[in-house]
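Asker: Those letters in the sequence shown? Residues 1 to 104, by full-length UniProt numbering.
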Amino acid sequence: EEISAGNGFSLGVLKTPGHTPGSVTFFINGKIAFTGDTLFNGFIGRTDFPGGSYDEIMKSLELLLRTLEDDTLVLPGHGEETTMGRERAWIEKMLNERGIRKNG
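1. CA-CA distance, residue 20 and residue 47?
2. Could you work out which residue in 96, 58 and 85 is closest to residue 23 when comparing CA atoms only?
3. Is residue 77 near the ligand ATP, judged by its Cβ being under 7 Å from some heavy atom?
4. Could you pull out every residue in the same chain whose Cβ sits closer than 8 Å to the Cβ of residue 53, ignoring the five residues on either side in sequence?
5. Per DSSP, what kind of secondary structure is residue 65 in: helix, strand or coil?
6. Measuring only the C-alpha atoms, how far is residue 12 from residue 34?
7. Classify residue 4: buried if its beta carbon has 16 or more other beta carbons within 10 angstroms, exposed otherwise.
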């Protein structure tokens, strides 16, 4: 879901469960994404907490790939920033290996 606040500003939210059932990703103008503990620079969030789900985080990563462009700045809950473009190849490979995403 995305809300326009005028003056070219929009705020969106995606449900990205997996680390926890209530995990979300907020994005601003489709160019900055706050991924919390779903996606980090080079790795994904842990799913071994109560309510965590590896299958759900895989679906959430697939949603992020479909929704966010390569030049989107990714600001995770911990660690260094990255871009969706830098993360795309390894995420696609991981999803393909698990049969979640076919043909990129």
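No residue lacks a Cβ here, since even glycine has one placed at the ideal position from N, Cα and C.
Answerer: By the coordinates alone:
1. In this structure, the straight-line span from the alpha carbon of residue 20 to that of residue 47 is close to 7 Å.
2. Closest option to residue 23, Cα to Cα, is 58.
3. The ligand ATP is not among the ligands present in this structure, which contains no ligands whatsoever.
4. Hits under 8 Å: 17, 18, 21 and 47.
5. Residue state, collapsed to three classes: helix.
6. If I take the Cα positions, the gap works out to 10 Å.
7. Taking a 10 Å sphere around the C-beta of residue 4, we find fewer than 16 other C-beta atoms and assign the residue as exposed.
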